[in-house]
Ligand code: LMR
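In our numbering, the protein residues as written are -9 to 391.
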């Protein structure tokens, strides 16, 4: 049969497109999966694992899922704001009971903490396209692409020295001094990814005073509440800052502290004196992005937080997870003096002092997978000698690195 005569008179849309390099963390996850070695250790992606190496579905989450299965009567649409009861119930956890009552705070459910950050970034870009976002580095490698995708300018500054394993607080102060009024400062509320090095309360106070004095807007990435020192302790620095400033954004993730990673459960909260208008803008942006967030994970978190009994069980299990992370930190520090700083750091991550070549050797010679920057997932060790094996392997590759 004769082919129809179609002439390509237009340039190809995708013809000149170059393949993107794979995201290093996602590539590492894929490489680990295909590694056939029995004794491999995964310290890559940030997920809590128990002593047997499993990322468990938390007990309260399982119960809530059963309740949901039995009682949910419809899968009809919600709205761009997602589940408003989930957003309300989360508020006291995030802000503390008193501050949570403020009518200056509005919130929307988002697809994970990443969705919250992206929505917050787009909101900033919509109202202040020339605002720069100041970003202490090293940071979560997705922060820059995410902010750039919202067309915001990014000003990086060094806030952590890997060699001495210390916060470079003077550099933070320097950045806050250079930033122009109306600029935004992205701050991780706790359990810093990737360093595990959090500000002290004195440092948070200094930051709060500088933000207020210089008219800078804090944008919190709050992804690991409860995995550092406790639910309230992990929010204390952020809450102190919020007492000092008129406006702030908080990108919150429930994915990690409820262990519902793949469900993508998050919320964006905005503090402002023009809260209703901000809410309607955020709703419009959410509608244009994903129309409505998916429901299951947030519904499960809501059910847990609606039940005092399930909430108690959830916090007990979270306490246990945190205790395991802290215990792993202590054990690593005791086994290898060059890992001593790990005990001072908090949350799922530390960025240890190790050269990229040594990281590569750990993978090739020992089957130990960690991010090239030196980040380890402290919760990634199974309790069958993996910590000891890791500490020994690090010592052996560091010895001649
Ligand atoms: C991580 O840093 O490992 C997690 O936040 C997962 C991710 O999406 O990068």
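Virtual Cβ for every residue (Gly too), placed ideally from N, Cα, C. Quick caveat: nothing in here was measured; it's all calculated off a predicted structure.
Straight-line gap, residue i to residue j (C-alpha atoms, nearest Å)
i           : j           : result
residue 130 : residue 296 : 32 Å
residue 127 : residue 146 : 6 Å
residue 89  : residue 261 : 11 Å
residue 309 : residue 335 : 17 Å
residue 356 : residue 232 : 46 Å
residue 115 : residue 25  : 43 Å
residue 189 : residue 80  : 24 Å
residue 34  : residue 361 : 6 Å
residue 377 : residue 82  : 37 Å
residue 40  : residue 267 : 44 Å
residue 340 : residue 206 : 28 Å
residue 208 : residue 174 : 6 Å
residue 358 : residue 229 : 38 Å
residue 95  : residue 237 : 9 Å
residue 438 : residue 76  : Since the displayed the chain opens at -9 and closes at 391, residue 438 lies outside it and no answer follows.
residue 381 : residue 326 : 6 Å
residue 193 : residue 176 : 15 Å
residue 218 : residue 67  : 36 Å
residue 286 : residue 70  : 15 Å
residue 103 : residue 132 : 12 Å
residue 31  : residue 311 : 19 Å
residue 392 : residue 44  : Shown here, the chain extends from -9 to 391; a query on residue 392 therefore has no answer.
residue 392 : residue 60  : In the structure as shown, the chain starts at -9 and stops at 391, and residue 392 therefore has no counterpart that could be examined.
residue 134 : residue 144 : 7 Å
residue 372 : residue 120 : 47 Å
residue 294 : residue -1  : 59 Å
residue 390 : residue 91  : Any reading at residue 390 is ruled out, since the residue's pLDDT is 45, under 50, leaving its predicted position unreliable.
residue 99  : residue 62  : 19 Å
residue 367 : residue 214 : 13 Å
residue 11  : residue 4   : 17 Å
residue 302 : residue 291 : 13 Å
residue 156 : residue 150 : 6 Å
residue 274 : residue 281 : 9 Å
residue 178 : residue 2   : 43 Å
residue 186 : residue 152 : 11 Å
Any non-hydrogen atom of the ligand LMR within 8 Å of residue i CB
i           : result
residue 318 : no
residue 15  : yes
residue 104 : yes
Q: Taking only runs that begin and end inside the segment 77 to 155, name each unbroken beta strand (DSSP E) of 3 or more residues, in chain order.
A: 95 to 101, 122 to 127 and 143 to 148
Q: Go through the residues and name those whose CB comes closer than 5 Å to any heavy atom of the ligand LMR, in chain order.
A: 35 and 36
Q: Count the C-beta pairs between the segment 47 to 56 and the segment 380 to 388 that are closer than 8 Å, then say yes if the count reaches three, no if not.
A: no
Q.
Ignoring anything shorter than 4 residues, give me the alpha helix (DSSP H) runs that lie fully in the segment 154 to 221, in order along the chain.
A. 159 to 168 and 191 to 204
Q: Starting from the N-terminal side, write out each stretch of the beta strand (DSSP E) that is 3 residues or longer and does not extend beyond the segment 320 to 381.
A: 339 to 341 and 365 to 367
Q | Contact between the segment 157 to 173 and the segment 241 to 252 (3+ Cβ pairs under 8 Å) | A | no
(Q) For the pair the segment 106 to 125 and the segment 248 to 259, tell me if three or more CB-CB distances fall below 8 Å. (A) yes
Q. Which runs of the alpha helix (DSSP H) fall wholly inside the segment 211 to 285 and span at least 4 residues, in chain order?
A. 221 to 234 and 265 to 279
Q.
Within 8 Å, do at least three Cβ pairs link the segment 163 to 171 to the segment 135 to 142?
A. no
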